[in-house]
Amino acid sequence: MTNLDAELSPPEPPRLLVFWHRYKRNRAALFGLAIFAIVVLMALTAGIVDPGDPLRRAGAPLTPPFVDMATPLGTDQLGRDVMSGIFYGARISLLIGVVATLVAIAIGVVIGALSGYFGGWVDDVLMRITEAFQTIPNFVLLLTLVAILGSKIEWITLAIGIVSWTAPARMVRAEFMSLRSREFVDAARNLGVSNTSIIFREILPNALPPIVVYASVIMALSILLESALAFLALGDPNYASWGNMIGQGRAVLRSAPYCAVIPGIAIVLTVLSFSLLGEGLNDALNPRQKKQ
Amino acid sequence: MKLPIPPILIYALRRLLQAVPVIILIMVGTFLLLKLAPGDTVDALVGDMGGADAAFIERLRVEYGLDQPVWVQLWRYMAKLATFDFGWSFVYEQPVSTVLMDRLGTTLLLMATSLSIAFTVGIALGAIAARRVYSATDNLISTLGLVFYATPSFFLSLMMIYLFSVKLGWLPVGGIQTIAAFYKGWDHVVDVALHLIMPTAALSLIYLSFYLRLMRASVLEVGDLDYVRTARAKGAGEMRLMIHHIMRNALLPVVTLLGLQFSTVLGGSVVVETIFTLPGLGQLAYQSVVQRDMNTLMGIIFLCSIIVVVVNFLTDLLYARLDSRIELA
């Protein structure tokens, strides 16, 4: 068997590199990655690049953009710096997006895994609960949770996670149902591996890739949910938020539309970058799936 | 002897039965939320009266059954919900069900217009994009879809208000009709339609993008199937191919999504109705949160859930009609 060596000899390039090559074939995905990097950079450098407190007066109220260099994107009706709000808002949007996504995926993974792995009555009960959550309009439930828990940023994040776990739960369940009767699971079970261990160490790693791709969708939706709450003035008043800036900009829409337009563009670009990122990841992770 | 029940009826009945546990769970859920919320009915009542002495409060608690064990309270609550009795709204000084019924029509109208536009325009654009795949038309439509998807409805609403109401003065800023105009007949219809243009657009564009993307993918997939090639080989024209052969199968996933997303659209009406001051359930939900009117809020949750269940039931029937492979019995 000499040709075995021949087949093995070219060293496989590192997986990350292969992944990157596949990813960068999609130009839109690269564009998404670029915007995403900018938003992350803004979130990290808020306070360094633009030192103003976003909630404090920085100049004369309603200074238009590109007039005063101290406030390059202008000020709102209370004289707060719009650019500073954009930077700090990026931080809050990303923070809420990431944490709410983690909460949603954690709940979804547990419910979906139990339901898909055990099947039977466990599946029935958990799926009815999932359906109940899908039936209640999620934004109404979110409003209710915020009304009950209060408008602190921790509670808002948790509430967003609580209203967005159903889709990942269904995905995890489907993956588990198709994986639970495969040989490697049978083998593990015959070796006496516990159910917990099979679920989390054997099946879950195999079920994760589609969930990771879907995380970009949940993150985009979380950011939209948070900005909608903040727009309705139900967000945490102690933090600058894009949604809240648009909500406040509504009062001066007639005279100073830039107060609403600038944070609005920030939201659109951020959410857009997540969708492009998600599509790029999907193409890179499933290269066989109908290549265009 | 077997009764000759049409299979579609059995299918419908089974679907309805499946919805029962979900509705019961939602009843339990709203009860839990009410219990979690600070203050109970008696607190609201006493607050409304401006205070009362302890003995009277105690008597009220007994009267409202709040001294009973939680299980008894839950059972009574569910029995009341089942008859659409949502309790008393201390903000509107009316039974909650009356308040809700006043608002239901507006929301249903908004839902109907938004979803029909999102659905028809979405599938039309999706089909066009798929037939000219990778052309300039396709790129334009797909890019528009991505941008609509990323634009929050409240931002879109404000931009439309700025353009069409502030700058151009074409459309009214809010409300469902011109107050004090007392239009009758067709004038009234036109008036309401003018008021609904912007809310409908704001609510439908994001869902339009969903349907568009799904329809494009779906038409691309179906268009490759053998039976479509056969139809093309026997000389069917592009138009007939699309409408007669591809559309029916390509629509299936879109109809599924329509059913799945209805509750999200209903949730989205909160923001849109609040911005355009449309007197519907969404605006009521927002006001109830601000005013801490828990009974009304729970009523909205329950009523919306019922609407969602009904709509899902209807889309299931539509699905069964479209896809004759589905086992009805």
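Chains as they are written, first to last, in our numbering: chain Y, 374 to 665; chain H, 50 to 378. No residue lacks a Cβ here, since even glycine has one placed at the ideal position from N, Cα and C.
Buried versus exposed, by CB contacts within 10 Å (16 or more), residue i
| i | result |
| --- | --- |
| Tyr490 (chain Y) | buried |
| Arg627 (chain Y) | exposed |
| Phe105 (chain H) | exposed |
| Met264 (chain H) | buried |
| Asn568 (chain Y) | exposed |
| Pro248 (chain H) | buried |
| Thr375 (chain Y) | Per-residue confidence for Thr375 (chain Y) stands at a pLDDT of 49, beneath the threshold of 50, marking its modelled position as unreliable; the derived number appears in the next sentence. So Thr375 (chain Y) counts as exposed. |
| Gln665 (chain Y) | A caution first: Gln665 (chain Y) carries a pLDDT of 41, below 50, which makes its placement in the model too unreliable to give a value. |
| Gly272 (chain H) | buried |
| Pro387 (chain Y) | exposed |
| Leu217 (chain H) | exposed |
| Gly481 (chain Y) | buried |
| Val412 (chain Y) | buried |
| Val358 (chain H) | buried |
| Asn379 (chain H) | Nothing can be reported for residue 379 (chain H): it is not among the residues displayed for chain H, which extend from 50 to 378. |
| Met343 (chain H) | buried |
Nonlocal neighbours in the same chain, by C-beta distance under 6 Å from residue i, ignoring five residues either side
| i | result |
| --- | --- |
| Leu346 (chain H) | Ser337 |
| Tyr126 (chain H) | Phe80 |
| Ile190 (chain H) | Leu174, Ala178 |
| Tyr232 (chain H) | Asp240 |
| Gly194 (chain H) | Ser258, Leu261, Arg262 |
| Val71 (chain H) | none |
| Ser373 (chain H) | none |
Residue nearest to residue i in terms of C-alpha spacing, selected from the options
| i | options | result |
| --- | --- | --- |
| Leu602 (chain Y) | H:Met291, H:Leu83, H:Val319, H:Arg64 | H:Val319 |
| Phe404 (chain Y) | Y:Pro610, Y:Phe647, Y:Glu556, Y:Ala419 | Y:Phe647 |
| Leu475 (chain Y) | Y:Ser589, Y:Ile619, Y:Ala629 | Y:Ser589 |
| Ser312 (chain H) | H:Ile349, H:Ile177, H:Gly224 | H:Ile349 |
| Thr155 (chain H) | H:Ser373, H:Leu333, H:Phe362 | H:Leu333 |
| Leu130 (chain H) | H:Gly88, H:Ile73, H:Val119 | H:Ile73 |
| Val314 (chain H) | H:Ala251, H:Glu287, H:Asp275, H:Leu363 | H:Ala251 |
| Asn611 (chain Y) | Y:Lys525, Y:Leu597, Y:Phe439, Y:Asp496 | Y:Lys525 |
| Ile172 (chain H) | H:Ser214, H:Val339, H:Leu301 | H:Leu301 |
| Ile350 (chain Y) | Y:Arg555, Y:Ala410, Y:Pro427, Y:Gly493 | Outside the displayed span of chain Y (374 to 665) sits residue 350 (chain Y), for which this structure offers no information. |
| Ser267 (chain H) | H:His294, H:Met288, H:Val148, H:Leu243 | H:His294 |
| Ile596 (chain Y) | Y:Leu642, Y:Ala624, Y:Leu564 | Y:Leu642 |
| Val91 (chain H) | H:Arg110, H:Gly100, H:Leu82, H:Arg278 | H:Arg110 |
| Leu158 (chain H) | H:Ile246, H:Glu112, H:Asp134 | H:Ile246 |
| Leu605 (chain Y) | Y:Met618, Y:Ala419, Y:Ala593 | Y:Met618 |
| Phe439 (chain Y) | Y:Gln621, Y:Phe549, Y:Val455, Y:Ile509 | Y:Val455 |
| Leu243 (chain H) | H:Gly234, H:Ser373, H:Trp219 | H:Trp219 |
| Leu645 (chain Y) | Y:Ala613, Y:Asp609, Y:Leu594 | Y:Leu594 |
| Ala299 (chain H) | H:Met98, H:Ala176, H:Tyr211, H:Met76 | H:Ala176 |
| Leu607 (chain Y) | Y:Ile521, Y:Met550, Y:Thr444, Y:Met592 | Y:Ile521 |
| Ala542 (chain Y) | Y:Arg464, Y:Ala479, Y:Arg553 | Y:Ala479 |
| Asp496 (chain Y) | Y:Phe549, Y:Ala629, Y:Arg398 | Y:Phe549 |
Same chain, Cβ closer than 7 Å to residue i, neighbours up to 5 away in sequence not counted
| i | result |
| --- | --- |
| Arg297 (chain H) | Leu371 |
| Trp615 (chain Y) | Gly462, Ser466, Ser600, Pro636, Ala639, Ile640 |
| Val472 (chain Y) | Thr530 |
| Val586 (chain Y) | Gly651, Leu654, Asn655, Leu658 |
| Thr364 (chain H) | Val304, Leu307, Gly308 |
| Gly317 (chain H) | Ser202, Leu252 |
| Glu556 (chain Y) | none |
| Pro55 (chain H) | none |
| Ile572 (chain Y) | Ala486, Tyr490 |
For residue i: DSSP bridge partner residues
| i | result |
| --- | --- |
| Thr448 (chain Y) | Y:Asp454 |
| Ser138 (chain H) | H:Gln143 |
| Arg430 (chain Y) | Y:Arg453 |
Residues near residue i by beta carbon distance below 8 Å, same chain, minus five either side
| i | result |
| --- | --- |
| Arg406 (chain H) | Outside the displayed span of chain H (50 to 378) sits residue 406 (chain H), for which this structure offers no information. |
| Pro53 (chain H) | none |
| Pro144 (chain H) | Asp134, Phe135, Gly136, Trp137, Ser138 |
| Gly620 (chain Y) | Ala603, Phe604, Leu605, Ala606 |
Distance cut-off 7 Å: residue i Cβ against heavy atoms of the ligand ADP
| i | result |
| --- | --- |
| Phe549 (chain Y) | By its list of ligands, the structure shown contains no ligand whatsoever, and the ligand ADP lies outside what it can speak to. |
ask   = Do the segment 312 to 327 of chain H and the segment 205 to 219 of chain H make contact, defined as three or more Cβ pairs closer than 8 Å?
value = yes
request  = Mind the definition here: the segment 559 to 566 of chain Y touches the segment 433 to 446 of chain Y only if three or more C-beta pairs lie below 8 Å; say whether that holds.
outcome  = no
message = Contact between the segment 354 to 365 of chain H and the segment 500 to 512 of chain Y is defined here as three or more beta-carbon pairs at a separation below 8 Å; is this criterion met?
response = yes
request  = Count the C-beta pairs between the segment 573 to 584 of chain Y and the segment 515 to 525 of chain Y that are closer than 8 Å, then say yes if the count reaches three, no if not.
outcome  = no
message = Any contact between the segment 648 to 655 of chain Y and the segment 399 to 419 of chain Y? By contact I mean 3 or more CB pairs, one from each, below 8 Å.
response = yes
query = Is it true that the segment 168 to 178 of chain H meets the segment 247 to 259 of chain H, where meeting means three or more beta-carbon pairs spaced less than 8 Å apart?
reply = yes
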